[in-house]
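Quick notes on the structure that follows.
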Amino acid sequence: YRMGEPMINLATMEKQIPKPYILAPFLYKGAISLIYGKGGVGKSLFCLYLACLLQMGRDEGRLIAKQANVVYLDYEADPNESKYRADSIVHGLGADPTEVNIHYRYCSEALKSDLDAVQRYCLEVDADMILIDSAIPACGGDVTDAGNVGEFFNAVRAIGGTDKEIATLIIGHTTKAEDNSGGPFGSVNWRNQPRTVWEFKSNQQVNQDEIDISLVHRKINFGKLLAPLAFRIKFGEQQVLITGLDARRHASFRADMPLGDQIDVLLEDHGTLSSGDIIKSIKETTGENHEGTIPQILIQDARFVETGEDRWELNVI
């Protein structure tokens, strides 16, 4: 205990494989993941949905989950509100809420000050994943201060250690209207520490009982960035239904898709187009002018083939 973690000779360790998912594509075994976005757009509800899938070991569409014991550290709501949300999600999945064991803890102290108790509770329930909702109160101080942020992430890492690989999902917020840091709070410290980072966006209309959301992949340490994912959250009577959408075809989210995917959709819909037609269509849809980039993508991407002078269609492989 006084010495901390032991020294390890990597040369004598068994060969390792890349960290596996416990819930693809968001959570890796023993790794820190971050989902961030504006306040009040459905982040907590969606992350609790992921926690329910994990506890149930249930796949839904492109979300592939291994059964895992979940601890929910709630710094924002209370047990009654969280119970209602969890029950609504599980009802939407067609399951019995009494059989989905989300281990909930109401939190009022910063994680670094509450670490001993959190470690003890995680040990008691053999936790595989911790959901921290949300980063500002859990950090317990200036979220733009590198030292304070570093202490928070040290506490997160200390919960499991090397003996028990516990995944962590942290919910964060953006604090600026225009923030291009690739992480919450306009600070790169929050981008650097997690192994994978997703930006959460929503498209909710007034007086509607549903929200369309997308998650845009901003950082990954284990592989390549993934294309955005989209979902629809529909609120019913004592239930929440969450279904997958095609982000490529969503009017509000398609601008976040890689250019190659946007071109793919256009050619899928129209058959054959010139590079000029493609440039014009993407500019009309997204407001972005990619005149210098799209011709290069058409030549380099194996999905596209030139069938005539500057006429392009999907390659049949």
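Numbering-wise (our numbering), the sequence shown opens with residue 1 and increments by one. Beta carbons are placed, not taken as given, at the ideal position from N, Cα and C, and that holds for glycine. For clarity, every value in this text was computed on a predicted model and none was experimentally measured.
In whole angstroms, give me the CA-to-CA distance for residue i and residue j.
i	j	result
PRO137	PRO6	32 Å
ILE32	GLN16	19 Å
GLY57	LYS66	5 Å
GLU99	ILE299	53 Å
ILE22	LEU34	15 Å
VAL240	LEU93	8 Å
LYS164	THR174	31 Å
PRO79	VAL197	28 Å
ASN154	ILE89	32 Å
ILE263	LEU273	10 Å
GLN55	ASP96	13 Å
ARG311	LEU215	33 Å
GLU81	SER108	16 Å
TYR84	TYR36	23 Å
Count the other C-beta atoms from every protein chain shown that fall within 10 angstroms of the C-beta of residue i, then say buried if there are 16 or more, exposed otherwise.
i	result
LEU266	buried
THR293	exposed
GLU284	exposed
PRO20	exposed
ALA51	buried
ASN289	exposed
ASN189	buried
LEU10	exposed
Since residue i and residue j are thought to touch, with beta carbons under 8 Å apart, how far apart are those beta carbons, to the nearest angstrom?
i	j	result
GLY183	ARG195	That belief does not hold up - the Cβ atoms of GLY183 and ARG195 are roughly 13 Å apart, past 8 Å.
ILE102	ILE130	No, ILE102 and ILE130 are not in contact; Cβ-Cβ is about 11 Å, not under 8 Å.
ALA227	ASP261	6 Å
Since residue i is in the alpha helix (DSSP H), which residue starts that stretch and which ends it?
i	result
PHE231	That residue, PHE231, is in no alpha helix (DSSP H); its beta strand (DSSP E) goes 229-236.
ASP277	275-286
SER82	79-92
SER202	SER202 -> not in any alpha helix (DSSP H); beta strand (DSSP E) instead, spanning 196-203.
Nearest by alpha-carbon distance to residue i: which of the options is it?
i	options	result
TYR106	CYS52, SER134 and GLU268	SER134
PHE231	LEU225, PHE222, ASN221 and ILE242	ILE242
ALA110	ALA77, GLY61 and GLU151	GLU151
PRO18	GLY223, GLU309 and GLU313	GLY223
ALA86	LYS38, LEU225, HIS270 and PHE235	PHE235
SER113	GLU124, ASN148, ILE282 and TYR84	ASN148
GLU313	SER281, VAL188, SER275 and LEU229	SER275
Would you kindly report the start and end of the unbroken beta strand (DSSP E) that includes residue i?
i	result
ALA219	Note that residue 219 is Lys in the sequence shown here, rather than Ala. Per DSSP, LYS219 belongs to the beta strand (DSSP E) from 210-220.
TYR72	70-74
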